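The opening residue of the sequence shown carries number 679 in my numbering; numbering runs sequentially from there.
Inspection log for the structure reproduced underneath, given as structure tokens.
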Amino acid sequence: MKTLYVVRHAKSAWDDLRLTDKERTLNERGRHDAPMMAKYVAKHHPHPHVLISSTATRAWSTAEEFIDAFDLSKNHVIRTDAIYEAPLTSLLGVVTTIDDEFDKAMLVGHNPGVTELIRYLSGDSFTHMPTCGVVLLTFSHATSWQEIGKGTGSIKAFLYPKMLV
């Protein structure tokens, strides 16, 4: 069985016009929500074996909180531009090429791509991933990430910051 956590980056700031979209940082709420969500997921759910994150500053800052909460080894962390502004097909490519030695993986990315990925993989009418939201998908019949496809997953958990306060 394969397990995939899909995470949308925490709330980011729009106030510094000198920064490119990719350089935007987390705002105050994002800096609060990311560690809160990471600690909650780490306490209540199985830990991923690998984390794959967008290289955008806001996504990487979010990912770092999960890396710390899960105490993930740095050699089990991947930063890739393939997730930044990625359409569904690119995100699916990232997921299906995860090394099969890892049964549990976490992907940290951006909307609308992460919402589309969840909808596609689950076959569910999932409509919106809030900032710092986490969806846990399981693929009970998959022994390889290459077997992951449309409707092959089940949503086992949908967590977001407002449900924890």
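Glycine included, each C-beta is placed from N, C-alpha and C at the ideal position.
Quick caveat: nothing in here was measured; it's all calculated off a predicted structure.
- In the structure shown, Ala764 adopts coil according to DSSP, grouped into three states.
- Take the alpha-carbon of Asp778 and the one of Pro724: they are about 17 Å apart.
- CA-to-CA, the gap between Arg686 and Asp699 works out to about 15 Å.
- When secondary structure is reduced to three states using DSSP, Leu799 falls in the helix class.
- Phe780 has no beta-bridge partner at all, per DSSP.
- Per DSSP, Ile826 is not a residue of any beta strand (DSSP E), being assigned neither H nor E.
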